[in-house]
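Each residue of the sequence shown is one higher than the one before, starting from 201 at the first, in our numbering. Note that beta-carbon positions come from the ideal geometry of N, C-alpha and C, so glycine has one too. Quick caveat, the model's predicted, so the values are computed rather than measured.
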Amino acid sequence: MPDFVLPLVSGVVGVVLGALAVFVLARTSAISSLSKVKQEADRVAREAKEEAEKTRRAAVRDAKELLTTERKEFEKKTKAHRSELNALEERLNKRQENVDRKNDLVNSKEVELSKRQASTDKRDQAIQRRRNEVDELFDQQSRKLEQIADMTREQGREQVMASILEEAKRGAARSAKQIEEDAKSDAEKRAKKIIATAISRFASEFVQERSVSVVHLPGDEMKGRIIGREGRNIRALEAATGMDFIVDDTPETVIISGFDPVRRQVARIALEKLISDGRIHPHRIEEIVAKSQDEVWKSVREAGEQAVLELGIGRLDPELVKLVGQLKYRFSYAQNVLQHSVEAAFLAGLMAAELGQSVKKARRAALLHDIGKAVSHEVEGSHAVSGAQLAKKYGENPELVNAIGAHHEDEEPGSILAFLVAAADAISGARPGARREILETYIKRLEDLERLCSSFNGVEKSYAIQAGREVRVLVQSEKLSDDDTMVLANDIAGRIEKDLTYPGQIKVTVIRETRAIEYAK
201 MPDFVLPLVS GVVGVVLGAL AVFVLARTSA ISSLSKVKQE ADRVAREAKE
251 EAEKTRRAAV RDAKELLTTE RKEFEKKTKA HRSELNALEE RLNKRQENVD
301 RKNDLVNSKE VELSKRQAST DKRDQAIQRR RNEVDELFDQ QSRKLEQIAD
351 MTREQGREQV MASILEEAKR GAARSAKQIE EDAKSDAEKR AKKIIATAIS
401 RFASEFVQER SVSVVHLPGD EMKGRIIGRE GRNIRALEAA TGMDFIVDDT
451 PETVIISGFD PVRRQVARIA LEKLISDGRI HPHRIEEIVA KSQDEVWKSV
501 REAGEQAVLE LGIGRLDPEL VKLVGQLKYR FSYAQNVLQH SVEAAFLAGL
551 MAAELGQSVK KARRAALLHD IGKAVSHEVE GSHAVSGAQL AKKYGENPEL
601 VNAIGAHHED EEPGSILAFL VAAADAISGA RPGARREILE TYIKRLEDLE
651 RLCSSFNGVE KSYAIQAGRE VRVLVQSEKL SDDDTMVLAN DIAGRIEKDL
701 TYPGQIKVTV IRETRAIEYA K
């Protein structure tokens, strides 16, 4: 064997042995790893099996609980359905029993009805026989009556029908009268109820009229300036305003007396302005009186607008608003006419609402029902007729015009609105303290006195003062002479004695004045 073979074989054997050793080590390591993996797999399997067992047990437990719950719910529903079925069965049994009883009753009724039908048939036959006998007897009696009365059947029928018709007419008349009386009674009761309701729902204050106004002075020395030299200032005041200015011993006070509240208001405002201004002379007095009149007319318009706004009756013609405002200074007995009109408007609206009528229309008519009093001293006729003419002139509808004209029965009422206005006017005027006859008579006497004096030719203005014991008449100097004024005073006094009724005596003063005015420039 060559020498190189042995080392080669030794090397190969060493390699083989090394490889074998590596394989053995690898196999041993693999076996050891496999053993560990198997152990781990066994452990995981055991844990999975235990978890699966736990899950199964939990699922079984949940299933048992669910099953128990579902069973209880099912048993509960089944019990409720069973109760309902039992109740339904019981009702059906009762209904069946009722049906059976009704069937028995119907059967018995049918038997009884059959018996009654048979009895009725026999009775009908008997009635028919009697009817035939009666008809025959009636024919015989009719023939005998025709022979006795010498009247045919048609004539007798007509006479009987006429008698029946006459009796029916009398009965209808009695019924109609009874119905009318009942209707009147019911209407009266309802009207009283409506009026009582309206009165209870509306309460308004009332005022008493004063025939004098008091102006306070800053000092008694002002009285001399008001009177003026030889009384010219106070005469100018009285001539411009138509009021009587009383400057007596009352300290720091001037009393303005007169029955016309508008003129008295103008006089009061004018005097207060003159006192405040300090310049008091005839020409200045005339200027201040004119300005005061403008202020009063402005307040008149504002009063009319306020009344319209308060009642919510819509737009009125400006002239009607002005007339309504003038009622602020007019009085009927002791009642302010504007307040009376507003009060009547509210009452009419309340009653209209109770009757289902237009509240706005009722208020509008009641507010305007006394506008004739604003011009009663300027036109002839009653204030109701004058007011109706004014309302018609300024475009109010015919129904409202009729309501104004008919509220004192000067016209025939043509609608429910007319009766509402008349009722509201009566209710407002009938309140305790609203009116006093003496004051109304007094004012009317003074108005008649001024109207009579103004009716003479040449008279410019006339004013009743001193509570009607004196009348001052201003004449136009270019139409009457001084001698004519004496004749005029005598004529006026004669007419007063003839046409008017008054207590005591009346002094007639006729004033003729000529003024020459020039301006220095």
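Cα-Cα separation between Gly458 and Glu596, rounded to whole angstroms: Those two C-alpha atoms are separated by around 35 Å.
Leu509 vs Asp570 beta-carbon contact at 9 Å: Not in contact: Leu509 and Asp570 (Cβ atoms no closer than 9 Å).
Buried versus exposed call for Met422 [16 or more other C-beta atoms within 10 Å across all chains shown]: Under this definition Met422 is a buried residue.
Val675 and Ile643 closer than 9 Å at C-beta: Not in contact: Val675 and Ile643 (Cβ atoms no closer than 9 Å).
Ala591 and Leu547 closer than 9 Å at C-beta: In terms of Cβ geometry, Ala591 and Leu547 do not form a close pair [threshold 9 Å].
Lys232 versus Thr255: straight-line alpha-carbon distance, rounded: Note on identity: in this sequence residue 232 is Ser, with Lys being the wrong assignment. Taken atom to atom, the span from the alpha-carbon of Ser232 to that of Thr255 is near 34 Å.
Sequence-distant residues of the same chain with beta carbon closer than 8 Å to Glu486, five excluded per side: If you ignore the 5 residues before and after Glu486, its C-beta comes within less than 8 Å of the C-beta of Ala436, Ala440, all in its own chain and listed in chain order.
Beta-carbon separation (whole angstroms), Gly572 vs Val585, contact threshold 8 Å: The pair is a contact, with the Cβ atoms about 7 Å apart (cut-off 8 Å).
Backbone CA spacing between Ala552 and Ala574 [nearest angstrom]: Each residue's alpha carbon lies about 26 Å from the other.
Between the CA atoms of Leu620 and Ala403 - distance to the nearest angstrom: Model confidence at Ala403 stands at a pLDDT of 45, short of 50, so the residue's coordinates are unreliable; what they give is reported in the following sentence. Rounded to the nearest angstrom, the two C-alpha atoms are 18 Å apart.
Residues of its chain near Ile717, where Cβ-Cβ distance is below 7 Å and the 5 sequence neighbours each way are ignored: Nothing meets the Cβ criterion.
Inter-stretch contact at 8 Å, needing at least 3 Cβ pairs: the segment 453-472 / the segment 488-498: Touching, per the Cβ criterion.
Rounded distance between the beta-carbons of Ser662 and Arg672, thought under 8 Å: Right, the Cβ-Cβ distance comes to about 7 Å (below 8 Å), so this counts as a contact.
Classification of Lys561 by the beta-carbon crowding that lies within 10 angstroms, buried from 16 upward: The residue is buried, with at least 16 neighbouring Cβ atoms inside 10 Å.
Status (buried if at least 16 other CB within 10 Å, exposed otherwise) for Ile364: With fewer than 16 other CB atoms across the displayed protein chains lying within 10 angstroms of its CB, Ile364 is exposed.
Unbroken stretches of the alpha helix (DSSP H), 4 residues or longer, contained in the segment 277-316: Within the segment 277-316, complete alpha helix (DSSP H) segments of at least 4 residues are not found at all.
Cut-off 7 Å between Cβ atoms - residues of its own chain near Glu240, not counting five sequence neighbours on either side: Excluding the 5 residues flanking it on each side, Glu240 has no same chain C-beta neighbour closer than 7 Å.
Option nearest Gly614 by Cα separation, candidates Val334, Thr685, Pro598, Ala248: Ranking Val334, Thr685, Pro598, Ala248 by CA distance to the CA of Gly614 puts Pro598 first.
Status (buried if at least 16 other CB within 10 Å, exposed otherwise) for Gln317: Exposed.
Where His583 falls, given that 16 or more other Cβ within 10 Å makes a residue buried: Buried is the call here.
Cα-Cα separation, Ala167 to Ala219: Beyond the ends of the chain as shown, which are 201 and 721, falls residue 167; an answer cannot be given.
Close Cβ partners of Gly442 (< 6 Å) along its chain, the five nearest in sequence each way excluded: Arg463, Tyr663.
CA-to-CA distance, Glu312 to Met361, given in whole angstroms: When rounded, the distance between both Cα atoms is 45 Å.
Three-way DSSP call (helix, strand, coil) for Ser233 in this model: Correct three-state label for Ser233: helix.
Of the residues Asp610, Gln705, Glu502, Gln535, the one placed nearest Leu523, counting alpha carbons only: It is Glu502 whose Cα lies nearest to the Cα of Leu523.
Proximity below 9 Å, CB of Ile154 to CB of Ala467: Residue 154 lies beyond the residue range present for the chain, which begins at 201 and ends at 721; the question has no answer from this structure.
Residue nearest to Gly668 in terms of C-alpha spacing, selected from Asp684, Ser319, Gly658, Asp648: Each of Asp684, Ser319, Gly658, Asp648 was checked against the Cα of Gly668, and the nearest Cα belongs to Asp648.
Where the alpha helix (DSSP H) containing Lys528 begins and where it ends: For Lys528, there is no enclosing alpha helix (DSSP H), as DSSP gives it neither H nor E.
Residues that DSSP places opposite Gln535 in a beta bridge: Answer is Ser532.
Cβ-based burial, Gly214 [other Cβ within 10 Å; buried from 16]: Its Cβ having fewer than 16 others within 10 Å, Gly214 is exposed.
Cα-Cα separation, Arg515 to Ala507: Between Arg515 and Ala507, the C-alpha separation is close to 12 Å.
Separation of Ala545 from Ile616, as counted between CA atoms: Looking at the backbone, the Cα of Ile616 and that of Ala545 are separated by about 15 Å.
Bridge partner(s) assigned by DSSP for His416: As a beta-bridge residue in DSSP terms, His416 pairs with Thr453.
Straight-line gap, Glu273 to Leu292 (C-alpha atoms, nearest Å): Approximately 28 Å, taken between the alpha carbons.
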